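Comments concern the structure below.
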Amino acid sequence: MKWEEVRNIYPNKFVLLRSLEAHIEENKKCIDDVAVVRVLDDEEASNILIRCKGDNFVFHTSKEELSMNIVQMPVLRGAIR
4 MKWEEVRNIY
14 PNKFVLLRSL
24 EAHIEENKKC
34 IDDVAVVRVL
44 DDEEASNILI
54 RCKGDNFVFH
64 TSKEELSMNI
74 VQMPVLRGAI
84 R
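Per my numbering, residue 4 is the first one in the sequence shown, and the count goes up by one each step.
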């Protein structure tokens with residue numbers, strides 16, 4: 004399902020999504036196709052957001068573009084004392 008379809012069906016809602024197809028543009032992951040797992044209320048959305056793994060993520064349908072910044076963690080070498 005395309006993001007525009009999700010936004011039309013579930014206006015102004017948090018949704019739990021699974022990424023089916025995506026690509027990288029500069030430092031952003033752009034999601035092209037998603038599956039809606041379920042609609043979430045505001046309180047539930049923050050709890051599930053913390054526990055999302057892999058291709059699952061929480062997003063609000065008020066956002067026009069379905070993309071996420073890619074944050075690279077620094078690599079640490081040696082022992083930490």
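Just so it is clear, CB atoms sit at the ideal spot from N, CA and C, and this is done for glycine as well.
Predicted model, so just to flag it, every value in this text is computed and none were measured.
Distance between residue j and residue i (C-alpha atoms, nearest Å)
i	j	result
F60	I12	18 Å
E28	V9	22 Å
P14	M76	34 Å
Residue i, DSSP secondary structure in three states
i	result
L52	helix
D44	coil
K66	coil
D58	coil
Unbroken alpha helix (DSSP H) run spanning residue i, endpoints
i	result
N11	W6 to I12
Span of the beta strand (DSSP E), counted from its first residue to its last, around residue i
i	result
I73	Here I73 belongs to no beta strand (DSSP E), and DSSP marks it neither H nor E.
I79	One point to set straight first is that residue 79 is Leu, not Ile, in the sequence displayed. Neither: L79 is in no beta strand (DSSP E) and is coded neither H nor E.
E24	F17 to E28
Per-residue burial, residue i [other beta carbons within 10 Å of its own, 16 or more giving buried]
i	result
V78	exposed
L23	exposed
V74	exposed
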